[in-house]
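Trainee: Positions 2 to 268 (this note's numbering) are the ones given, in order, by the sequence shown.
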Amino acid sequence: MRLRLLAAAAAACLLSVTVVATPAQASHAWSNYHWARTSNPFTLKLDRNLTATWNTYLAVASADWTTSSKLNTTIVTGSFGSKTSCTPTTGHVEVCNASYGTTGWLGIASISITTGNHISRAFVKLNDTYFAMAQYNTPAYRQLVTCQEVGHTFGLGHQDENFTNPNLNTCMDYTNSPNSNQHPNAHDYAQLDSIYAHVDTFNTPTLVASQARAEQWDAEFTEGYAATENPEKWGTLVHGSATHGEGVYVRDLGNGNRIVTMVTWAN
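So this is what it looks like as structure tokens:
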């Protein structure tokens with residue numbers, strides 16, 4: 002949960018994740034990013050590109066988020082085969098783990114934004130370099146970060162970003178003691194109800210673009226996702242810090258397309 006690189010169109014929160022003292026009464030949406038869909042609940046595919054150590058954590062996170070009345074998630078085999086690049090497929094959320102190195106981040110969530118504020122693809126990266134360290138190599142930390150990073154790909158921000166505040170019993174909360182912060186809470190589900198209260202005229206989870214447009218997207222986003230372990234590739238820091246806590250970056254790809262990345266820095 003400390004590393005959220007919401008790359009896609011999301012660097013998003015870009016705009017900023019609101020930190021509040023009374024999260025149970027406040028919004029913690031990530032700007033107004035959301036998946037377009039014509040009805041609720043809609044289904045998102047979580048592409049599993051994980052070693053066996055992480056499979057259970059993703060399964061639990063998927064089941065937790067599917068409790069929402071607005072969305073369902075289903076786990077499928079990863080569609081691209083490279084945990085290093087973790088380049089997402091249109092309409093999917095890629096979930097990857099690898100030893101990405103001493104990058105400073107524990108995990109990142111990235112979203113691709115197309116026309117308007119619609120998410121078209123997303124990825125989550127879990128950095129085994131840090132999860133091999135005693136501080137983070139615990140089931141509670143692994144579950145917290147998996148749940149939180151996946152939650153960002155739906156358009157959720159954090160309920161609280163102060164590591165020393167009392168736990169809010171949600172994975173969308175920063176903490177130094179993750180035992181009670183491994184799953185969503187009622188406010189997370191209420192926020193999803195708010196984000197997805199409306200419907201759209203098209204579906205990004207099942208989007209099929211024209212061949213020409215698909216090729217353009219692939220070229221733009223593949224280049225945009227290149228070397229996403231490198232902060233120089235994330236674009237402009239628009240919220241938070243480049244060294245600690247959280248950082249949100251936006252990379253403008255032109256033509257209304259951008260990548261928004263939320264980074265959770267390791268302590």
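Here a beta-carbon is modelled for each residue, glycine too, at the ideal position from N, C-alpha and C.
According to DSSP, is Y175 helix, strand or coil?
Mentor: Working through the sequence shown from its first residue, we reach residue 175 at position 174. It is coil, neither helix nor strand.
Trainee: So what does DSSP say about V61, is it helix, strand or coil?
Mentor: Within the sequence shown, the letter at position 60 stands for residue 61. V61 falls in the helix class under three-state DSSP.
Trainee: So C113 is in the beta strand (DSSP E); what residue range does that whole segment cover?
Mentor: Within the sequence shown, residue 113 is the residue found at index 112, counting from 1. The sequence given here places Ser at residue 113; Cys does not occur at that position. Residues W106 to I114.
Trainee: Going by the CB atoms, is the gap between G79 and D48 shorter than 8 Å?
Mentor: As a position in the sequence shown, residue 48 is number 47, starting the count at 1. As a position in the sequence shown, residue 79 is number 78, starting the count at 1. Going by C-beta atoms, D48 is nearer than 8 Å to G79.
Trainee: Which residues mark the beginning and the end of the alpha helix (DSSP H) in which V146 is found?
Mentor: Residue 146 sits at position 145 when you count from the first residue of the sequence shown. Where V146 is concerned, the enclosing alpha helix (DSSP H) stretches over P140 to H153.
Trainee: Any contact of the stretch 33-48 with the stretch 188-208, i.e. 3+ C-beta pairs under 8 Å?
Mentor: Touching, yes, given that three or more Cβ pairs across the two stretches are closer than 8 Å.
Trainee: Could you check whether C97 and F132 sit closer than 8 Å to each other, using their CB atoms as the reference points?
Mentor: By one-based count along the sequence shown, residue 132 stands at place 131. By one-based count along the sequence shown, residue 97 stands at place 96. Not a contact, by the Cβ cut-off of 8 Å.
Trainee: Grab the span of the beta strand (DSSP E) containing H188 for me, first residue to last.
Mentor: Counting from one through the sequence shown, the residue named residue 188 turns up at place 187. First-last for H188: A187 to I196, but that is the alpha helix (DSSP H), not the beta strand (DSSP E).
Trainee: Considering only the beta carbon of each residue, do N168 and T176 sit closer than 8 Å?
Mentor: Residue 168 sits at position 167 when you count from the first residue of the sequence shown. Residue 176 sits at position 175 when you count from the first residue of the sequence shown. Cβ distance < 8 Å, so N168 and T176 count as in contact.
Trainee: I need the straight-line Cα distance from T237 to N256, nearest angstrom please.
Mentor: Residue 237 sits at position 236 when you count from the first residue of the sequence shown. Residue 256 sits at position 255 when you count from the first residue of the sequence shown. Cα to Cα, T237 sits roughly 17 Å from N256.
Trainee: With distance defined between alpha-carbon atoms, name the residue in G248, N50 and N166 nearest to P179.
Mentor: Here residue 179 is taken as the residue at index 178 of the sequence shown, counted from 1. The option with the nearest alpha carbon to P179 is N166.
Trainee: In angstroms, rounded to a whole number, what distance separates the CA positions of Q183 and R122?
Mentor: For the purposes of this step, residue 183 is taken as the residue at position 182 of the sequence shown. For the purposes of this step, residue 122 is taken as the residue at position 121 of the sequence shown. One C-alpha to the other measures close to 25 Å.
Trainee: Please determine, among I76, A62 and P89, the residue with the shortest C-alpha to C-alpha distance to I260.
Mentor: The sequence position of residue 260 within the sequence shown is 259, counting from 1. Among I76, A62 and P89, the Cα nearest to that of I260 belongs to P89.
Trainee: Can you list, in chain order, the residues of its chain with a C-beta nearer than 6 Å to that of W55? Leave out the 5 residues immediately preceding and following it.
Mentor: Within the sequence shown, residue 55 is the residue found at index 54, counting from 1. Answer for W55: N98, listed in chain order.
Trainee: In whole angstroms, what is the alpha-carbon distance linking A53 and D65?
Mentor: Translated into the one-based positions of the sequence shown, residue 53 becomes position 52. Translated into the one-based positions of the sequence shown, residue 65 becomes position 64. Each residue's alpha carbon lies about 20 Å from the other.
Trainee: Using only the alpha-carbon positions, how far apart do D129 and N170 sit?
Mentor: Mapped onto the sequence shown, residue 129 falls at position 128. Mapped onto the sequence shown, residue 170 falls at position 169. Those two C-alpha atoms are separated by around 25 Å.
Trainee: If we count the other Cβ atoms within 10 Å of its Cβ and call it buried at 16 or more, is M134 buried or exposed?
Mentor: As a position in the sequence shown, residue 134 is number 133, starting the count at 1. With fewer than 16 Cβ atoms within 10 Å of its Cβ, M134 is classed as exposed.
Trainee: May I ask you to report which of helix, strand or coil DSSP gives D161?
Mentor: By one-based count along the sequence shown, residue 161 stands at place 160. Three-state DSSP puts D161 in a strand.
Trainee: Provide the residue span of the alpha helix (DSSP H) that contains T130, from first to last.
Mentor: Counting from one through the sequence shown, the residue named residue 130 turns up at place 129. Unbroken alpha helix (DSSP H) run through T130: D129 to F132.
Trainee: Look at the Cβ atom of C87, then the Cβ atom of K46, and state whether they are nearer than 8 Å.
Mentor: For the purposes of this step, residue 87 is identified with residue 86 of the sequence shown, where counting begins at 1. For the purposes of this step, residue 46 is identified with residue 45 of the sequence shown, where counting begins at 1. In this structure, K46 does not lie closer than 8 Å to C87 by Cβ.
Trainee: Mind checking who V249 pairs with in its DSSP beta bridge?
Mentor: Residue mapping note: residue 249 aligns to position 248 of the sequence shown, counting from 1. In the DSSP output, where bridge partners are listed per residue, V249 has H240 and M263.
Trainee: Could you pull the DSSP bridge partners for A30 from this structure?
Mentor: Taking the sequence shown and counting its residues from 1, one reaches residue 30 at position 29. Its beta-bridge partners are L157.
Trainee: Pick from W106, S40 and N50: whose alpha carbon is nearest that of V146?
Mentor: Position 145 of the sequence shown, counting from 1, holds the residue named residue 146. Checking every option, the nearest Cα to that of V146 belongs to W106.
Trainee: Have a look at G246 and A110 and give me their C-alpha separation to the nearest angstrom.
Mentor: Walking along the sequence shown from the start, residue 246 turns up at place 245. Walking along the sequence shown from the start, residue 110 turns up at place 109. Each residue's alpha carbon lies about 14 Å from the other.
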